[in-house]
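Asks: Structure in structure tokens, see below.
2 protein chains.
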Amino acid sequence: MGKRLYIEDLKKHIGEKVELKGWVYNKRGSKKIKFLILRDGTGLLQCVYFQGECEEESFGLFEELAQESSVTVVGTVREEPRSPGGVELSAETLKIIAPAVDYPITPKEHGTDFLMANRHLWLRSKRQHAALRVRAELAAAIRDFFDGRGFTLTDAPIFTPSACEGTSTLFETKYFDEKAYLSQSGQLYMEATAAAFGKVYCFGPTFRAEKSKTRRHLIEFWMVEPEVAFADLYDNMELAEEFVEYIVQRTLKNRAEELKTLERDTTKLELIKAPFPRLHYREAVDIIKKENPEFVNGNDFGGGDETIISSKFEKPVFVHHFPTAIKAFYMKQDEKEPEYTMSCDLLATEGYGEIIGGGQREESVEVLEKKISEHKLSKSDFEWYLDVRRYGTFPHAGFGLGLERTVAWVCGLKHVRESIPFPRLYGRNYP
Amino acid sequence: MGKRLYIEDLKKHIGEKVELKGWVYNKRGSKKIKFLILRDGTGLLQCVYFQGECEEESFGLFEELAQESSVTVVGTVREEPRSPGGVELSAETLKIIAPAVDYPITPKEHGTDFLMANRHLWLRSKRQHAALRVRAELAAAIRDFFDGRGFTLTDAPIFTPSACEGTSTLFETKYFDEKAYLSQSGQLYMEATAAAFGKVYCFGPTFRAEKSKTRRHLIEFWMVEPEVAFADLYDNMELAEEFVEYIVQRTLKNRAEELKTLERDTTKLELIKAPFPRLHYREAVDIIKKENPEFVNGNDFGGGDETIISSKFEKPVFVHHFPTAIKAFYMKQDEKEPEYTMSCDLLATEGYGEIIGGGQREESVEVLEKKISEHKLSKSDFEWYLDVRRYGTFPHAGFGLGLERTVAWVCGLKHVRESIPFPRLYGRNYP
């Protein structure tokens with residue numbers, strides 16, 4: 000039959016006789032006509048078997064078919080404007096490759112624990128399939144954005160000798176005779192590679208041992224972290240808004256079918272275009288206090304506080320200049336108001352919370368040495384990081400975007416656990 | 000001055016006055032004319048300061064400049080066919096952003112330990128910069144190959160509940176109240192996602208706690224692992240050779256300058272075009288035995304054995320049908336000769352050894368249950384993996400390609416440690 004074909008390519012093969020392999024998504028029919036909905040991982044296809052027009056033996060096989068049986072079908076591709084892919088198959092033959100007895104995930108409702116324990120099978124379902132195709136598109140868009148703008152991918156290590164934001168949420172492992180920690184962020188490494196390549200990014204898994212079961216947290220999640228030499232806080236916000244516009248608009252264009260499957264209100268995503276509104280931390284606090292009078296000025300925002308702010312805007316909103324007291328040691332203080340940092344977070348629309356955190360980094364070796372000591376970090380672990388300041392230090396800024404929160408936002412998912420193929424959660428490390 | 004410019008873009012700005020920021024790569028000169036070689040991460044640029052034509056104060060600043068001082072230069076871009084980027088700068092002003100006193104990496108020879116301890120600075124050197132730009136190109140080519148052929152990226156988890164190829168080289172961590180292991184391969188997960196998406200791949204870091212200090216081994220390395228539903232061993236070799244040709248030829252085209260810096264003999268890489276020669280394990284053993292009579296038929300190949308085979312060919316060579324006794328439990332046995340598996344390795348040219356390992360997977364739940372028990376693995380850890388066979392099982396095949404070995408091969412590096420920004424080796428987890 001020549002080259003293997005997939006359902007998503009069939010529009011280009013109308014009138015041709017083709018062979019397809021896949022799994023039974025559904026079947027129905029009568030004595031004279033039977034329908035098989037074939038799933039091959041790229042789409043769904045209705046295969047129509049007319050008694051008398053198809054092989055008699057194939058027609059008889061329908062009894063044996065069950066949801067998720069693997070099959071080979073042969074037939075002719077016909078245009079069918081009413082079907083999602085625009086085609087259906089006038090089928091001739093059917094062969095069963097393997098049965099599927101009592102497939103556990105049926106069209107009835109299942110509990111979350113059951114579905115998560117069967118994640119390896121749940122992925123075959125329509126909504127999960129759609130969400131993860133959106134994830135793949137966003138991941139490709141993220142890389143294309145940076146690769147297309149002169150950034151060099153410089154992967155950060157997972158094993159690190161030190162902790163950059165507190166040790167309570169670190170995973171530890173024995174690294175031969177020493178200890179190592181699993182990376183929570185590649186940022187410090189990107190600051191060093193920015194001096195070698197000018198504009199850099201890393202994109203890989205990061206880890207937080209958080210004992211929280213919120214809808215926004217995963218133990219293991221992917222983060223993209225660009226860093227730009229000679230950029231400041233304002234350059235950073237410009238880069239971030241151009242970036243978020245690009246990945247959202249490209250996904251809207253390339254994954255329209257999947258977003259429809261997910262019943263996402265895409266009119267809200269069409270508005271995600273730069274520039275995005277910007278609030279000083281002080282302005283953000285004023286907004287929060289009107290609805291949450293208990294909020295203490297100087298504190299970090301809770302999920303509810305973020306929602307109060309984002310509900311005021313149709314676009315993602317930057318909050319910049321978070322207080323120095325609540326930010327990491329590497330954040331640069333504003334020279335004009337040192338109680339605030341040159342930091343920025345980006346809050347997504349529709350209550351999806353923070354998707355970006357970043358800002359301008361401290362470039363003075365003296366200030367950093369002082370802060371490392373104030374934060375009670377081990378200076379010897381950071382000698383290499385201080386070297387970046389000792390030899391030709393430079394203003395620089397960058398940010399981190401969490402892939403899973405972005406996927407959840409773009410797909411309109413209630414919980415971040417459906418935004419990654421095999422979620423790792425507090426209490427879940429299987430399958 | 001408008002939008003920030005980078006050295007690699009200057010060809011498009013001949014005759015224009017520009018501002019550039021970067022680091023001093025070198026300086027030389029006389030009383031009347033001084034040269035500054037500027038490095039900005041995208042290339043090197045000769046900036047020429049003529050006394051009388053440039054700002055007097057800038058001319059005087061040359062005394063203070065040291066290797067890796069960060070600077071701002073302003074001048075006019077001139078065509079200069081003799082320079083690598085085709086341009087030089089008629090400079091007007093020079094500003095020092097920050098000094099660099101006693102930069103530790105000088106043009107003199109340094110020992111490996113010293114360079115590895117200063118990896119964060121060593122990355123600024125010409126050869127390291129070139130090798131990692133090749134790495135970034137290969138990583139982009141890998142993704143574009145699969146994304147462009149209908150594969151869906153489905154990231155595998157790093158935390159796994161079980162070991163698939165023996166526990167001696169596993170990193171273990173406390174996962175709250177349980178144990179978890181760091182992934183050595185995403186393959187088993189890709190087999191599950193192949194049933195959901197048809198053609199899939201993952202591309203991320205993997206970990207092996209090997210106490211070996213060879214030039215081919217890293218503790219932490221990136222691996223790309225495609226998996227195709229309804230593919231067999233021969234489809235797999237076809238995919239692998241088309242893939243390797245694509246990534247090598249694209250890198251030759253897009254990273255010619257970097258390969259020149261690395262003094263790579265690119266005529267050898269130009270020959271890397273599909274199809275690649277294929278040897279049955281038996282044929283490979285015959286070749287090895289002629290030069291290594293001690294080799295025991297049935298054993299796996301050592302590095303030296305791989306080199307004996309690859310030295311016979313100008314292209315990478317597949318060895319397929321490795322003995323069942325030395326392969327993992329999931330490898331499908333050949334029905335016609337069950338003492339051999341439907342496995343294949345791809346050996347790179349020029350003695351670079353195995354860059355790909357893969358093959359067709361066992362699709363029978365009964366055979367797998369038997370093998371899991373024979374290999375003394377915990378069946379409960381693999382229930383989800385067995386489910387992939389219980390519900391519509393299907394022939395499938397895939398492979399893993401190690402990024403760092405491929406970078407080392409394409410760049411002609413002697414040791415794999417220079418193929419990743421921050422190598423993790425036995426005894427090295429810093430910086």
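Going line by line, the protein sequences match chains A and B.
Following numbering that gives the first Met the number 0 from start to finish, the first sequence increments by one per residue and tops out at 430.
Following numbering that gives the first Met the number 0 from start to finish, the second sequence increments by one per residue and tops out at 430.
Where is the CB? At the ideal position from N, CA and C, for every residue including glycine.
These numbers come from a predicted model, not from an experiment.
Under three-state DSSP, which class holds E224 (chain A)?
Replies: Here residue 224 (chain A) is taken as the residue at index 225 of the first sequence, counted from 1. Of the three classes helix, strand and coil, the one that applies to E224 (chain A) here is strand, per DSSP.
Asks: According to DSSP, W22 (chain A) sits in a beta bridge with which residue or residues?
Replies: In the first sequence, counting from the first residue as 1, residue 22 (chain A) sits at position 23. DSSP lists A:R38, A:S69 as partners of W22 (chain A).
Asks: Along the chain, which unbroken stretches of the beta strand (DSSP E) at least 3 residues long are found entirely within the region 276-343 of chain A?
Replies: Taken in chain order, the complete beta strand (DSSP E) segments of 3 residues or longer contained in the region 276-343 of chain A are 277-279, 316-319.
Asks: Closer than 8 Å, CB to CB, is Y339 (chain B) near chain A or not?
Replies: Within the second sequence, the letter at position 340 stands for residue 339 (chain B). Contact of Y339 (chain B) with chain A is not assigned, every C-beta pair being separated by 8 Å or more.
Asks: Taking the Cβ atom as the reference point for each residue, do L88 (chain B) and V76 (chain B) lie within a distance shorter than 8 Å?
Replies: The sequence position of residue 88 (chain B) within the second sequence is 89, counting from 1. The sequence position of residue 76 (chain B) within the second sequence is 77, counting from 1. Their beta carbons are under 8 Å apart, which means L88 (chain B) touches V76 (chain B) by this criterion.
Asks: Return the CA-CA distance between D146 (chain B) and A140 (chain B), expressed in angstroms with no decimal places.
Replies: Translated into positions along the second sequence, residue 146 (chain B) becomes position 147. Translated into positions along the second sequence, residue 140 (chain B) becomes position 141. Looking at the backbone, the Cα of D146 (chain B) and that of A140 (chain B) are separated by about 10 Å.
Asks: Between the C-alpha atoms of M189 (chain A) and K369 (chain A), what's the straight-line distance to the nearest angstrom?
Replies: Counted from its first residue, the first sequence places residue 189 (chain A) at position 190. Counted from its first residue, the first sequence places residue 369 (chain A) at position 370. Using only the alpha carbons, I get a separation of about 22 Å.
Asks: Quick check on the burial criterion: 16 or more other C-beta atoms within 10 angstroms. Buried or exposed for N298 (chain B)?
Replies: Sequence index remark: in the second sequence, residue 298 (chain B) carries index 299 (1-based). N298 (chain B) comes out exposed.
Asks: For R27 (chain A), name the three-state secondary structure that DSSP assigns.
Replies: As a first step, residue 27 (chain A) is located in the first sequence; it is residue number 28 there, counting from the start. Reduced to three states, the DSSP call for R27 (chain A) is strand.
Asks: Kindly identify the DSSP beta-bridge partner or partners of R388 (chain B).
Replies: Along the second sequence, read from residue 1 onward, the residue named residue 388 (chain B) stands at position 389. Beta-bridge pairing links R388 (chain B) to no other residue.
Asks: Give the residues of chain A in contact with P80 (chain B), contact being defined as C-beta atoms less than 9 Å apart.
Replies: The residue given as residue 80 (chain B) occupies position 81 in the second sequence. Going along chain A, no residue has its Cβ under 9 Å from P80 (chain B), so there is no contact; the nearest lies around 24 Å.
Asks: Please report the distance separating the alpha-carbon of Y180 (chain B) from that of R214 (chain A).
Replies: One-based indexing of the second sequence puts residue 180 (chain B) at position 181. One-based indexing of the first sequence puts residue 214 (chain A) at position 215. When rounded, the distance between both Cα atoms is 25 Å.
Asks: Return the residues of the region 400-420 of chain B that lie within a Cβ-Cβ distance of less than 8 Å from chain A, sorted by chain order.
Replies: Using a CB distance below 8 Å, the part of the region 400-420 of chain B facing chain A consists of I419, P420, ordered along the chain.
Asks: F393 (chain B) and F196 (chain B) - do their beta-carbons sit closer together than 8 Å?
Replies: The residue you call residue 196 (chain B) lines up with position 197 of the second sequence. The residue you call residue 393 (chain B) lines up with position 394 of the second sequence. Against a cut-off of 8 Å, the Cβ pair of F393 (chain B) and F196 (chain B) comes out as no contact.
Asks: Shortest alpha-carbon distance to S69 (chain A) belongs to which of B:G391, B:W408, B:H414, B:P420?
Replies: Position 70 of the first sequence, counted from the start, is the residue given in the question as residue 69 (chain A). Considering only alpha carbons, the answer is B:G391.
Asks: Would you give the residue range spanned by the beta strand (DSSP E) that V47 (chain B) belongs to?
Replies: Numbered from its first residue, the second sequence carries residue 47 (chain B) at position 48. Membership of V47 (chain B) in the beta strand (DSSP E) is indicated by the continuous run 43-49.
Asks: Below 6 Å CB to CB, which residues in the same chain sit around C53 (chain A) once its five sequence neighbours on both sides are set aside?
Replies: Within the first sequence, numbered from 1, the residue matching residue 53 (chain A) stands at position 54. Counting only Cβ-Cβ distances below 6 Å, and skipping sequence neighbours, we find A90, E91.
Asks: Can you tell me which of A:P276, A:E362, A:G59 puts its alpha carbon nearest to the alpha carbon of V316 (chain A)?
Replies: Counting from one through the first sequence, the residue named residue 316 (chain A) turns up at place 317. Checking every option, the nearest Cα to that of V316 (chain A) belongs to A:P276.
Asks: Just checking: is the beta-carbon of D299 (chain A) within a distance shorter than 8 Å of some beta-carbon in chain B?
Replies: Against the first sequence, residue 299 (chain A) aligns to sequence position 300. So no, D299 (chain A) is outside the interface.
Asks: Excluding sequence positions up to five away, which residues of its chain have a Cβ less than 7 Å from the Cβ of P430 (chain B)?
Replies: The residue you call residue 430 (chain B) lines up with position 431 of the second sequence. R118, H119, F421, listed in sequence order.
Asks: Report the rounded CA-to-CA distance for L268 (chain B) versus A347 (chain B), giving the unit in angstroms.
Replies: Residue mapping note: residue 268 (chain B) aligns to position 269 of the second sequence, counting from 1. Residue mapping note: residue 347 (chain B) aligns to position 348 of the second sequence, counting from 1. Spanning the two alpha carbons is a distance of roughly 11 Å.
Asks: Determine whether the beta carbon atoms of C410 (chain A) and M236 (chain A) lie at a separation below 8 Å.
Replies: Translated into positions along the first sequence, residue 410 (chain A) becomes position 411. Translated into positions along the first sequence, residue 236 (chain A) becomes position 237. No, the Cβ-Cβ distance between C410 (chain A) and M236 (chain A) is not below 8 Å.
Asks: Give me the residue from B:V387, B:R142, B:M222, B:A129 with the minimum Cα distance to R123 (chain A).
Replies: Translated into the one-based positions of the first sequence, residue 123 (chain A) becomes position 124. Of the candidates B:V387, B:R142, B:M222, B:A129, the one whose C-alpha sits nearest the C-alpha of R123 (chain A) is B:V387.
Asks: Which chain A residues sit within Cβ distance under 7 Å of K57 (chain B)?
Replies: Residue 57 (chain B) sits at position 58 when you count from the first residue of the second sequence. Note on residue identity: the sequence assigns Ser, not Lys, to residue 57 (chain B). Residues of chain A passing the Cβ test: none, with the nearest at roughly 18 Å.
Asks: Assign K10 (chain B) to one of two classes, buried (16 or more other C-beta atoms within 10 Å of its C-beta) or exposed (fewer than that).
Replies: The residue given as residue 10 (chain B) occupies position 11 in the second sequence. K10 (chain B) counts as exposed, since fewer than 16 other beta carbons sit within 10 angstroms of its beta carbon.
Asks: Which same chain residues, not among the five before or five after I13 (chain B), have their C-beta less than 8 Å away from its C-beta?
Replies: Taking the first residue of the second sequence as position 1, residue 13 (chain B) is located at position 14. Hits under 8 Å: V76, R77, E78, V86.
Asks: Return the chain-ordered list of same chain residues with a C-beta closer than 7 Å to the C-beta of Y5 (chain B), the five sequence neighbours on each side being excluded.
Replies: Counted from its first residue, the second sequence places residue 5 (chain B) at position 6. Taken in chain order, the residues that qualify are D39, T41.
Asks: Assuming A135 (chain B) contacts L152 (chain A) under a Cβ cut-off of 8 Å, what Cβ separation, rounded to an integer in Å, is found between them?
Replies: Residue 135 (chain B) sits at position 136 when you count from the first residue of the second sequence. Residue 152 (chain A) sits at position 153 when you count from the first residue of the first sequence. Correct: roughly 4 Å between the Cβ atoms.
Asks: Under 8 Å, Cβ to Cβ, is there at least one residue of chain B near K210 (chain A)?
Replies: Taking the first sequence and counting its residues from 1, one reaches residue 210 (chain A) at position 211. At least one chain B Cβ lies under 8 Å of K210 (chain A).
Asks: Give the secondary structure of S418 (chain B) by DSSP, where H, G and I count as helix, E and B as strand, and everything else as coil.
Replies: Position 419 of the second sequence, counting from 1, holds the residue named residue 418 (chain B). DSSP places S418 (chain B) in helix when its eight states are reduced to three.
Asks: Could you give the uninterrupted runs of the beta strand (DSSP E) lying entirely in the region 53-118 of chain A, keeping only those of 3 residues or more?
Replies: Every beta strand (DSSP E) stretch that sits fully inside the region 53-118 of chain A and reaches 3 residues is listed by chain position as 69-78, 86-97.
Asks: Examine chain B for any beta-carbon lying closer than 8 Å to the beta-carbon of E387 (chain A), and answer yes or no.
Replies: Here the question's residue 387 (chain A) lines up with position 388 in the first sequence. Just to set this straight, residue 387 (chain A) is Val in the shown sequence, not Glu. Closer than 8 Å to some Cβ of chain B, the Cβ of V387 (chain A) qualifies, so yes.
Asks: Strictly under 8 Å for the Cβ-Cβ distance: is L131 (chain A) near chain B by that measure?
Replies: The residue labelled residue 131 (chain A) in the question sits at position 132 within the first sequence. Yes, because at least one Cβ of chain B sits closer than 8 Å to the Cβ of L131 (chain A).
Asks: Compare the Cα-Cα distances from L400 (chain A) to each of A:T71, A:R3, A:L345 and report the closest residue.
Replies: Translated into positions along the first sequence, residue 400 (chain A) becomes position 401. When each option's Cα is compared against that of L400 (chain A), the closest is A:L345.
Asks: Below 6 Å CB to CB, which residues in the same chain sit around I355 (chain A) once its five sequence neighbours on both sides are set aside?
Replies: Here the question's residue 355 (chain A) lines up with position 356 in the first sequence. Counting only Cβ-Cβ distances below 6 Å, and skipping sequence neighbours, we find A239, L345, F398, L400.
Asks: Kindly indicate which three-state DSSP category F351 (chain B) falls into: helix, strand or coil?
Replies: On the second sequence, residue 351 (chain B) is found 352 positions in, with the first residue counted as 1. Note that residue 351 (chain B) is Tyr in the sequence shown here, rather than Phe. Coil.
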